[in-house]
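Number of protein chains: 2
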Amino acid sequence: MTRLQASHIFTPMVERREAKLSEIFYALSDPTRRAIIGLLAERPHTVTELLEPFPVSLNAISKHIKALEKVGLIDREIKGRIHMCHLNTAPMNEAYRWLGGYEKFWSGSLDKLEKLLNSRAKNRHGK
Amino acid sequence: MTRLQASHIFTPMVERREAKLSEIFYALSDPTRRAIIGLLAERPHTVTELLEPFPVSLNAISKHIKALEKVGLIDREIKGRIHMCHLNTAPMNEAYRWLGGYEKFWSGSLDKLEKLLNSRAKNRHGK
DNA sequence: GCAAAAGTCAACCTATAGGTTGACAATATT
DNA sequence: AATATTGTCAACCTATAGGTTGACTTTTGC
């Protein structure tokens, strides 16, 4: 995941959103992390429960969880020595919508595509 | 982007799809690459045209383009010394659908969520 | 009270990403 | 033919990711 340096182009707000998008896509680019998300989609898991399917150390999983937590994809509920991890899909929504912006290209409708291009041309001047 | 090592869990086919997903998400995790995609969504661009908005070297952009090309997001049409880059959104579709699998969580319908959980429980046994 | 269990933190290793600069190859231009 | 333009390739640098091991903290069970 790369920090954004092309500050010339974006307003601070957009820049922040861009950075967030980068973080989310990056978090999702790891197969182990995606698998963790898959497990948490069924039900909350403890850290050791999340460890079980993977041939890595507890520390490695702990790091992945921390990474997912950092981008908001996991909420941690601590009860004594047990850390219960809950999935929070909200951040995915942003990535989903970004990709959705290009859905017009692959879902075929020429009308939609034209609309897209027009709206882009307009925004061009709004800056 | 990480290589998948938990081969224990996945069939070769699934493993390959997982690897592809990782590549795509990783490609999208870079803000410059996303911006390039944005430019190409408007119209095809040459390499130097793609360079123009960014405060980096031509080589850096060339690398990004190569990276996007490698995951299939860019097609290159070479005419003499000009490399015309075209956007190919198809690979995004896969990422989009993966995320869409979790849409039920954030779009609120409890019914859908229950269906999701049931279908997952079934697949559990199908392996 | 003591040992096991659940996790984190810190230090380390290795691979790779993204950036740079400096040649180079090939096509256009004049 | 000489030069400028377009772009790649190769070598290098630095930062960081993901993995490891080892020590440590806190809670829990006996």
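In the order they appear, the protein sequences are chains B and C.
Heads up: the first sequence begins at 1 in our numbering, then just goes up one per residue.
Heads up: the second sequence begins at 1001 in our numbering, then just goes up one per residue.
For each residue, glycine too, the CB sits at the ideal point set by N, CA and C.
> Residues of chain B with CB under 7 Å from N1093/C, in chain order?
Replying inline: In the second sequence, counting from the first residue as 1, residue 1093/C sits at position 93. Chain B residues near N1093/C: W106.
> In chain order, what residues of the segment 43 to 73 of chain B put their CB closer than 9 Å to some CB of chain C?
Replying inline: R43, P53, F54, P55, V56: these are the residues of the segment 43 to 73 of chain B whose beta carbon lies less than 9 Å from some beta carbon of chain C, given in chain order.
> So, is M1092/C buried or exposed, given that buried needs 16 or more other C-beta atoms within 10 angstroms?
Replying inline: Position 92 of the second sequence, counted from the first residue, corresponds to residue 1092/C. Counting of Cβ neighbours within 10 angstroms places M1092/C among the buried residues, the total reaching 16 or more.
> Would you call the segment 23 to 39 of chain B and the segment 89 to 107 of chain B in contact, with 3 or more CB pairs under 8 Å?
Replying inline: Yes, the segment 23 to 39 of chain B is in contact with the segment 89 to 107 of chain B.
> With contact counted as at least three CB pairs below 8 Å, one residue from each stretch, are the segment 55 to 65 of chain B and the segment 1044 to 1051 of chain C in contact?
Replying inline: With the cut-off at 8 Å, the segment 55 to 65 of chain B and the segment 1044 to 1051 of chain C do not touch.
>> Here's the rule: buried if 16 or more other CB atoms are within 10 angstroms of the residue's CB, otherwise exposed. What is S1029/C?
In response: Here the question's residue 1029/C lines up with position 29 in the second sequence. Around the beta carbon of S1029/C, 16 or more other beta carbons lie within 10 angstroms, which makes this residue buried.
> Cβ of L1068/C within 7 Å of Cβ of N1088/C?
Replying inline: As a working note, residue 1068/C is residue 68 in the second sequence. As a working note, residue 1088/C is residue 88 in the second sequence. Going by C-beta atoms, L1068/C is not nearer than 7 Å to N1088/C.
> Are there 16 or more other CB atoms within 10 angstroms of the CB of H1045/C, so buried, or fewer, so exposed?
Replying inline: The count along the second sequence starts at 1 and reaches residue 1045/C at position 45. It is buried - the Cβ of H1045/C has at least 16 other Cβ atoms within 10 Å.
> Which chain C residues sit within Cβ distance under 9 Å of E103/B?
Replying inline: Residue 103/B sits at position 103 when you count from the first residue of the first sequence. By Cβ distance, chain C contributes T1089, M1092, N1093, Y1096.
> E1018/C versus chain B: which residues are under 7 Å apart at the beta carbon?
Replying inline: Mapped onto the second sequence, residue 1018/C falls at position 18. Near E1018/C (Cβ distances below 7 Å), the residues of chain B are P31.
> Hey, does L1183/C have any beta-carbon neighbour from chain B nearer than 7 Å?
Replying inline: A question about residue 1183/C goes unanswered here, because the residues of chain C that appear run from 1001 up to 1127.
> What are the start and end residues of each continuous beta strand (DSSP E) run of 3 or more residues lying completely inside the segment 35 to 122 of chain B, in chain order?
Replying inline: Whole beta strand (DSSP E) segments, 3+ residues: 74 to 79, 82 to 87.
>> For chain B, check one thing: does any of its Cβ atoms lie closer than 7 Å to the Cβ of M1013/C?
In response: For the purposes of this step, residue 1013/C is taken as residue 13 along the second sequence, with counting starting at 1. Not one chain B Cβ lies under 7 Å of M1013/C.
>> Please list, in chain order, the chain C residues whose beta carbon lies closer than 8 Å to that of M1/B.
In response: For the purposes of this step, residue 1/B is taken as the residue at position 1 of the first sequence. Counting only Cβ-Cβ distances below 8 Å, M1/B has contacts in chain C at S1029, D1030, in chain order.
> Could you check where the alpha helix (DSSP H) with M13/B kicks off and where it finishes?
Replying inline: In the first sequence, counting from the first residue as 1, residue 13/B sits at position 13. From DSSP, the alpha helix (DSSP H) with M13/B extends over 12 to 28.
> Can you name the residues of chain C whose CB is closer than 8 Å to the CB of G100/B?
Replying inline: Residue 100/B sits at position 100 when you count from the first residue of the first sequence. Within chain C, Y1096 have C-beta atoms less than 8 Å from the C-beta of G100/B, given in sequence order.
> Can you list the residues of chain C that R34/B reaches, using a CB-CB cut of under 9 Å?
Replying inline: Taking the first sequence and counting its residues from 1, one reaches residue 34/B at position 34. The answer, in chain order, is E1018, L1021, S1022, F1025, W1098.
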